[in-house]
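Under my numbering, think of the first position of the sequence shown as -19, with each following residue one higher. We put the CB at the ideal spot given by N, CA and C, even for glycine.
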Amino acid sequence: MKACFMGLGYIGLPTAIIAAKNGNIDIIGVDINPAVVEKTNAGQLHIIEPGIEEMLQDVINSGKLHASTKPAVADAYFIVVPTPFKGNHQPDVSYVEAATRAVIPLLKDGDLYVIESTSPVGTTEQMADIIFNERPELKDKIYIAYCPERVLPGNVIYELVHNDRVIGGINEASTRKAQEFYSQFVKGTLHATNARTAELCKLTENSSRDVQIAFANELSLICDKAGINVWELIELANKHPRVNILQPGCGVGGHCIAVDPYFITAEFPAESRLIADAREINNYKAFWCAERVKNEMLEFEIKNHRKPVVAMMGLAFKPNIDDLRESPAKQIVSRVIQSCNNADILVVEPNVNCHNIFKLTDYKDAFDRADIIVMLTAHNQFKTLPKDSSKIILDFCGIYK
Ligand code: SAJ
-19 MKACFMGLGY IGLPTAIIAA KNGNIDIIGV DINPAVVEKT NAGQLHIIEP
31 GIEEMLQDVI NSGKLHASTK PAVADAYFIV VPTPFKGNHQ PDVSYVEAAT
81 RAVIPLLKDG DLYVIESTSP VGTTEQMADI IFNERPELKD KIYIAYCPER
131 VLPGNVIYEL VHNDRVIGGI NEASTRKAQE FYSQFVKGTL HATNARTAEL
181 CKLTENSSRD VQIAFANELS LICDKAGINV WELIELANKH PRVNILQPGC
231 GVGGHCIAVD PYFITAEFPA ESRLIADARE INNYKAFWCA ERVKNEMLEF
281 EIKNHRKPVV AMMGLAFKPN IDDLRESPAK QIVSRVIQSC NNADILVVEP
331 NVNCHNIFKL TDYKDAFDRA DIIVMLTAHN QFKTLPKDSS KIILDFCGIY
381 K
């Protein structure tokens, strides 16, 4: 069997590698970026994901995976391209459409076409219409389904194989055909549904987490005003057998949880008030943290007649990774630097060697030199630092909880 993966990004590339390794499938991986194609064919990983480069080299050397800028005839096609915003948080499915249009001339009887990209409800049916408009003779002759991924960045190899998946076809035959494909390398259960439910299921999963984190972030604001330790509060509330509150932080980052809820609010604005509010609360938390830092710096200056040295601890969007994309910590650091151009701000990210905008400082060095320590990302390294009472500590991520 031959499969063509359209998009070799954070999900497309690992999925292509795992499918090539574990299934009896020859894979052509397609990306519009020639540098990605070149790197992949050289067995070099262009994404940040532990443990996968060796597997890439294996499947490239054995000829099971080959990358190209153009799709080729296959038996199954997978659309794994980004779905960004058009502005005003409206989802943009133009990459999904472009990838679909690129494979339309190659489709033949019996082929499988699957969208994995996070997509607004109705996208799979919309793409099916485009396919059948161009190739009416394929109506009822090909299989079309939606199958979102659920993997956690940093644990992709394990989760791609072991997580359950939801698969929704435009009809039952399509669902079954897609289940057959994924069962070659997925050990989790493949739950059957229709395409629209599968699309909303993906958006629901990430919106659910966003809403839960917003609850924790809202509590952190209440506790700050009430003079109560939010970490202790949550720990105690979670002793209730049916309460399980997540952790507050300096906002929500990454390109999934902070993005996917907008796919619901854009399409169902009147019905999705809680989801919209959660987005606002999580965005506001980053703004609030930056304001807190600025106020603390001002107070220090008034009291000590000099500007403080400030250590901004962490740039990554979550603990113990080197991924800085859509990171609230990064936003906070930029805001603080922009508003206090003369202050001595030490930026720390122990998981990254250098950064093109920020000059990075070693975390122990920054901790020793700073008057104000701002904990933004709960990296393990920071948990080894003492709680020094001679310093002002703003702990937004529970290092000292
Ligand atoms: N966060 C908190 N408090 C918490 C948990 C997380 O503030 O208690 C913050 C993190 O610091 C981070 C953000 O939320 O800034 C997102 O981190 P995450 O670990 O919750 O999730 P992601 O974005 O790395 O991956 C999510 C996962 N979705 C769910 O857990 C429902 C993953 O399974 C999805 O595959 C992925 O989105 C995706 O690609 O959609």
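With respect to 7 Å, is the separation between the Cβ of I27 and the closest non-hydrogen atom of ligand 1 below this value?
Checking the Cβ of I27 against ligand 1 gives no.
Cβ-heavy atom distance between N186 and ligand 1 below 7 Å?
yes
Please classify P14: does DSSP put it in a helix, a strand, or coil?
helix
Below 7 Å CB to CB, which residues in the same chain sit around S307 once its five sequence neighbours on both sides are set aside?
G233, L295, A296, F297
Within its chain, find whatever has a CB closer than 7 Å to the CB of P228; leave out the 5 residues flanking it on each side and keep chain order.
A196, N197, L199, S200, V210
Rounded to whole angstroms, what's the CA-CA distance from R305 to Q192? Just pull it up for me.
In a straight line, the C-alpha of R305 is about 21 Å away from that of Q192.
DSSP has M292 in a bridge; who is on the other side?
V327, V354
From this set, I122, T20, I7, P128, which residue's C-alpha is nearest V60's C-alpha?
Selected option, being the one with the closest Cα: P128.
Three-state secondary structure assigned by DSSP to S48
strand
Buried or exposed, going by whether 16 or more other CB atoms sit within 10 Å of the CB of T98?
Buried: at least 16 other Cβ atoms inside 10 Å.
With a threshold of 7 Å, establish whether the CB of E129 neighbours any heavy atom of ligand 1.
E129: yes, Cβ under 7 Å from ligand 1.
Check this for me: beta carbons of P71 and A270, under 8 Å apart or not?
no
Just how far apart, CA to CA, sit I111 and V76?
So the alpha carbons of these two residues sit roughly 12 Å apart.
Examine the Cβ distances between the region 110 to 126 and the region 173 to 180 and report whether three or more of them are shorter than 8 Å.
Touching, per the Cβ criterion.
Put K(-18) into one of helix, strand or coil per three-state DSSP.
strand
Would you kindly report the start and end of the unbroken beta strand (DSSP E) that includes I147?
Segment 145 to 149, the beta strand (DSSP E) holding I147.
By the 10 Å Cβ neighbour count, where 16 or more other Cβ atoms means buried, how is P221 classified, buried or exposed?
exposed
Nearest-angstrom beta carbon gap, V354 and L340 [assumed within contact, 8 Å]
Not a contact, Cβ separation roughly 15 Å.
Closer than 8 Å is the cut-off here; do at least three beta carbon pairs connect the region 161 to 177 with the region 111 to 122?
no
In DSSP terms, what V94 is bridged to:
Beta bridge pairing from DSSP links V94 with F58, A125.
Given T169 as reference, the closest of E139, D144, Q361 once Cα atoms are compared
D144
Assess, as a yes-or-no matter, whether the region 237 to 254 is touched by the region 273 to 285 under the definition of 3 or more beta carbon pairs within less than 8 Å.
no
Sequence-distant residues of the same chain with beta carbon closer than 8 Å to P299, five excluded per side
For P299, where only same-chain residues beyond five positions count, the Cβ hits under 8 Å are T357, A358, H359, N360, C377.
Out of H69, V83, I7, I27, state which residue places its alpha-carbon closest to the alpha-carbon of A47.
Measuring from the Cα of A47, the nearest candidate turns out to be I7.
Short of 8 Å in beta carbon distance, which residues of its chain neighbour V332, apart from the five on each side in sequence? Order them along the chain.
L295, A296, D302, L304, L340
Taking only three categories from DSSP, how would you classify P221?
coil
Bridge partner(s) assigned by DSSP for I65
Note on identity: in this sequence residue 65 is Phe, with Ile being the wrong assignment. DSSP lists P71 as partners of F65.
Thinking C-alpha only, which one of L45, A(-4), C334 is nearest F161?
A(-4)
According to DSSP, is N197 helix, strand or coil?
Judged by DSSP in its simplified three-state form, N197 adopts helix.
Can you tell me whether DSSP reads L170 as helix, strand or coil?
Secondary structure at L170: strand, using DSSP grouped into helix, strand and coil.
To the nearest whole angstrom, what separates the beta carbons of I28 and V136, a pair I think is in contact under 8 Å?
No, I28 and V136 are not in contact; Cβ-Cβ is about 10 Å, not under 8 Å.
Could you say which of L254, E251, C230, I379 lies nearest to Q311 if we only look at CA atoms?
C230
Hey, would you say the C-beta of F297 is under 7 Å away from at least one heavy atom of ligand 1?
yes
Please name the residue in W268, T173, L183, P85 whose C-alpha comes closest to that of A238.
L183
Verify the contact flag: G378, CB atom, against every heavy atom of ligand 1, threshold strictly below 7 Å.
no
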